[in-house]
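One structure is given below, encoded as structure tokens.
Numbering (this note's numbering), first residue to last: 639 to 777.
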């Protein structure tokens, strides 16, 4: 394993390896350069929803969270100006589909989204499970 992959950078309560951050930057760079190379975009606009702990808004209206921090860091390292707007999830996806926004996050890949958008390298990976009490039986 590379030495840089062992170092962690802290984003809020989450940790991300330098190697993973580099992959995110490269994926975003390929996505945005490939998508917008015909017409240069001075500032990209990204849509997201409130989905704690990934995307949050504090009492001052500041957008944060694990996914937001990673996107901000990757775009900052690329030197790419951006704007993040919080909205309903269905509206975020529709605005990308109709060309009103450049992208949305954080979402999973599916065949519907693949018709109008290209997924990047995952910005958050979680192994979540469903927990059931031991005295509950399915019939």
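Cβ atoms here follow ideal geometry from the backbone N, Cα and C, with glycine treated the same way.
Please work out which residues of its chain come closer than 8 Å, Cβ to Cβ, to residue 671, disregarding the five sequence neighbours upstream and downstream, and give them in chain order.
Low per-residue confidence applies at residue 671: pLDDT is 48, beneath 50, and the placement is therefore not dependable, though the value from the model is reported in the following sentence. Here the set comprises nothing.
From the DSSP output, in three-state form, read off residue 693 for me.
strand
Within the continuous beta strand (DSSP E) that includes residue 721, where are the two ends?
720-724
I need the DSSP call for residue 741, collapsed to helix, strand or coil.
strand
Using a 10 Å radius around the Cβ and a threshold of 16 neighbouring Cβ atoms, would you call residue 674 buried or exposed?
Below a pLDDT of 50, predicted positions are generally treated as unreliable, and residue 674, at 49, falls in that range; no measurement from the model is reported.
By DSSP's criteria, residue 702 is part of a beta bridge. Which residues make up the other side?
694
Going by Cα to Cα distance, which pick from 715, 688, 762, 737 is closest to residue 746?
762
From what residue to what residue does the alpha helix (DSSP H) around residue 752 run?
749-752
Could you check if residue 697 is buried or exposed, using at least 16 other CB atoms within 10 Å of its CB as the buried criterion?
exposed
Can you name, in chain order, every residue of its own chain whose Cβ lies under 6 Å from the Cβ of residue 757, other than the five neighbours on each side?
747
Pair within 8 Å by beta-carbon distance, residue 735 and residue 683:
no
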